[in-house]
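Contents: one structure, followed by commentary.
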Amino acid sequence: MGLPPDSNLPPARRRLALAAIVALAVVVRLPLLHGSFIAVDDYKQIVRNPVITELSYENLKQVVFTNFMQRGHAPMYVSFMLNWAATPRSYAGFAAVNLAFLPLIVAAFYGFSGLFVRGHVWRLAATALFSVHAVTADVVAWMSARCHLFGVTFLFLALVAWKAYLDAPCPRRKAAWYAASLLAAGFAVWNKNLFCTVGLLIVAYDAYRRRRLDLACVLDKLPFLGLLAFAIAALQANPYLQDVSTPAMGGSIAATLLNDASLLVEYLRYLLLPGPTYIWIDVYPVAGLLDVSRGSSLFAMLLTPLANIGVLAAAAGFLLWLWRRARLEEPLVAAACGAIALAPVMNIPPRWVEFAFRYDLVPAAFFCVALAASAAHISARRGRRAGVAVAIILALLTAWHAGQTYAQSRAWRTPLTLNEACIRSFPDARPCLQQAAEAYAGQGNPRAAIRLYERIDRIVTERGALRRESSAYRLGQLYTRIGDPIRACHYFERALLRDRLTPASRDEARRALASETCDDALP
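Anchor point for the sequence shown: position 80 equals 80 in this note's numbering, and the numbering is continuous, going up by one each time.
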C-alpha cells in the first residue's frame, strides 16, 4: 500500500532520479564558484600553508604522518596539495573540487539509507533532503571542512559494506565485504577522527538486525572498536584540542547533563529549520546560566564523557520505549544511531560545540533517514492518501532547505557581510572577531584586521585564556606587514611569553625578536 510500489521504479529510473538529485545539489551551490576564503582555518591550512604549495616527497611525508597523528586530516591535506598545483590561491578551484565530490556523497548516502528505509521512493526522498540540507551548505563552502565530506562518505560506505557482509551468501564474499567495511571505517577516521563512532554505529545496527545485544554483536567488531580507541587516543594527544579545552566543560554533573540535553533539543530544531547563515548560534544556554566552564580541566575531562553517555543512554531508552509502544522500528533505530553519532561532538568544550554541530553531517544524515523511514511506515500502515500527504510534506521541506542552501551559498560571495552580521549578534565572540579579521587581512586591509585583533587581544587578556595561533602572534605578523617593526616586536614578545604557539610560529617569533630591528625597539 506504499506510495508508489517499488515496481514503479526500475533501476534505470532510480539512476535517473539520482542524477537529478546530484544536479539539484550542484545547482544550489553554484554561487560558491564566485565565493572566497572566509574561515580562519582556510587561511592557515591553505592560503598561508607552505606545506601544500609544493608537491614533494618531504611535504607528503609531513602531511601523511605528522598531520595524521595530530588531527587525522591527511587525505584532506593531500587533496589540498593537488588542488594548489592545479589552481593556486583560487577559491573557485577548491570549490569546484568539493562540488565534483557531491555525486559520490549522494551515491554513498543512497546506499546508506537502505539500512533503515524500505522502498526506493522513500530512499530517494531521504537522499534528496540530505543532498540539499542547509547543514551541508557550509561544509561544501568552507574548504577546511573538506575532511567532513571525505569522512562522512567513507562512514556511509563502511556501513553499506557491513550490511553487504551480513547478507553475503558465502565465506569468501563475507571476508571481502568485512575487509572493505574495515578499510572504509579506517579512511573515515583518517579523514576526521570525530568519525571514530563508526564502530559503535555498526554494533548498534547489528544489534538491531539480531534483535538483541550480546557478545556475538561485539566480537567481530573488535577491529572497529580498536579504531575507536585509537581515534580517542589521537584526540587526547592532539595539542590543538588541548589548547581549546582550557575553559573546561563540566562544573557539576547536573549542569553538564542539562547542557547536553539542551544541545540535543536545539540541534534537532536546527536540523528541521536552519537559522541565519554562518552566525554562531547560542545552543548552550544552560552552560551560560550555570557557569559550568569554571570546573577544573582534569575533573571535566573525566566527567564530560560520562555525562554525555548518560544523556545519550536516556535518549536511547526513551526511543526504545517508543519503539515498543508504537512499533516504529526503522525511524527510531535511525534516530538512536544518530544520537550515538553525536557522542564525539558533545565532548567538545561548550564554546566550540555549536561550531562543530554546523559541520557534523552524521546526525543530519540520520535525521533525514529517520524522516523518510517514518514516512515509509505511515504510508505502509495508513495507505496511499497518507503516503501522498507525507510525500508532499517531505517535498516542501526539501524545497525549503534547498532555498536555504542556495542563500547560504550566495552569502559566501560576501564574507565580510557574514562576519559583520556575526559580530553584531555576538559582539564579544572571539571566533566571529577572528574570522572577520582574517577576511579583512585576506582582502588586503591589514589595518582593519589589526583593529579587530587588538579587540580580541583585550578579550583574551581579560579572560586569561591561552590560545594557539593567538591574537598577539597575528598582530606581530600584521604590524610587520604594514611596516611597524616596533609594535610587531612587542606583540611577538608577548606571544612568546603568554601564548601557546606551534613550533613554526614560535620559530618565526624568535627569528623576528633576534633581528636587529627588535634589538633597537625593545628595552
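For every residue, glycine included, the Cβ atom is placed at its ideal position computed from N, Cα and C. Keep in mind the model is a prediction, meaning the values are calculated, not measured.
Between the Cα of residue i and those of the options, spot the shortest distance and give me the residue it belongs to.
i: S409; options: L60, D42 and A95; result: A95
i: S131; options: Q435, A399 and R212; result: A399
i: N98; options: V47, V27, L155 and N419; result: V27
i: G35; options: A341, Q435, A411 and R14; result: A411
i: Y270; options: R118, H401 and G111; result: H401
i: N419; options: E438, L396 and R15; result: E438
i: A372; options: K44, V22, R123 and L24; result: R123
i: A108; options: A145, L159 and C217; result: L159
i: F37; options: G444, R424, S515 and R481; result: G444
i: L30; options: L182, P10, A92 and P171; result: A92
i: L24; options: A128, L397, A364 and F101; result: A128
i: Y406; options: E54, L16, Y57 and D138; result: D138
i: A376; options: H120, V333 and D214; result: H120
i: A216; options: F224, A207 and P223; result: A207
i: A125; options: D484, S90 and A395; result: A395
i: G226; options: L55, L213, A185 and D507; result: A185
i: C368; options: N59, A429 and T136; result: T136
i: S90; options: Y453, D360, D42 and G383; result: D42
i: L183; options: S144, P223, D484 and P169; result: P223
i: G442; options: A229, R48, L9 and F112; result: R48
i: I104; options: V22, A229 and R212; result: For the sequence presented, residue 104 should be read as Leu rather than Ile. Comparing Cα-Cα distances from L104 to each of V22, A229 and R212, the minimum goes to V22.
i: F112; options: Y453, C489 and A370; result: A370
i: I46; options: A145, G199 and L332; result: A145
i: M143; options: D214, F101 and R506; result: F101
i: Y110; options: D484, A17, P169 and S515; result: A17
i: D484; options: R506, C518 and T461; result: C518
i: S374; options: R413, L397 and L332; result: L332
i: P50; options: G114, S505 and P11; result: S505
i: D360; options: R382, A168, L268 and W321; result: L268
Between residue i and the rest of its own chain, which residues show a CB-CB distance below 7 Å, the 5 nearest in sequence each way excluded?
i: A472; result: D457, Y491, R494, A495, R498 and D499
i: A448; result: Y440
i: A20; result: none
i: A341; result: T197, L201, V362, P363 and F366
i: R210; result: C217
i: L213; result: A207
i: R413; result: P31, H34 and G35
i: R382; result: none
Going by beta carbon distance, what residues of the same chain come within less than 6 Å of residue i, once the five residues before and after it are set aside?
i: I450; result: L478
i: I52; result: F80, M81 and W84
i: I392; result: none
i: A164; result: W177
i: P503; result: none
i: P88; result: none
i: L55; result: M81 and A85
i: Y453; result: A437, S471, R474 and L475
Since I believe residue j is in contact with residue i (beta carbons under 8 Å), could you give me their beta-carbon distance rounded to a whole number of angstroms?
i: L501; j: A509; result: 7 Å
i: L475; j: R455; result: Not confirmed; about 11 Å, so no contact.
i: F154; j: A188; result: 4 Å
i: A161; j: A175; result: Actually they are not in contact, since the Cβ atoms of A161 and A175 sit about 12 Å apart, beyond 8 Å.
i: R14; j: E330; result: Not quite, the Cβ-Cβ distance comes to about 20 Å (not below 8 Å), so this is no contact.
i: L32; j: V140; result: 7 Å
i: P75; j: F150; result: 6 Å
i: A530; j: F116; result: Outside the displayed range of the chain (1 to 523) lies residue 530, so it cannot be described from this structure.
i: A459; j: R430; result: Note on residue identity: the sequence assigns Ile, not Ala, to residue 459. Yes, they are in contact, since the Cβ atoms of I459 and R430 sit about 6 Å apart, within 8 Å.
i: G199; j: L166; result: The Cβ separation is near 15 Å, so there is no contact.
Suppose the cutoff is 8 Å on Cβ atoms and the five residues either side in sequence are ignored; what does the same chain contact list for residue i look like?
i: H73; result: N67, C147, N191 and K192
i: I378; result: A386, G387 and V390
i: D220; result: Y178
i: P446; result: Y440, L478, R481 and I482
i: L60; result: V78 and M81
Is the Cβ of residue i closer than 8 Å to any Cβ of chain D?
i: R481; result: The structure shown contains no chain D, having only a single protein chain.
Enumerate, from N- to C-terminal direction, the unbroken alpha helix (DSSP H) stretches of 4 or more residues contained entirely within the stretch 52-113. Qualifying alpha helix (DSSP H) stretches, in chain order: 57-61, 67-70, 74-86 and 91-113.
For a minimum of 4 consecutive residues, which ranges assigned as the alpha helix (DSSP H) are wholly contained in the stretch 144-199? If only complete runs of 4 or more residues are kept, the stretch 144-199 shows the alpha helix (DSSP H) at 146-167 and 171-191, in order along the chain.
Secondary structure, alpha helix (DSSP H): runs of 4+ residues fully inside the stretch 360-390: Entirely contained in the stretch 360-390, the alpha helix (DSSP H) runs reaching 4 residues are, in chain order, 361-382.
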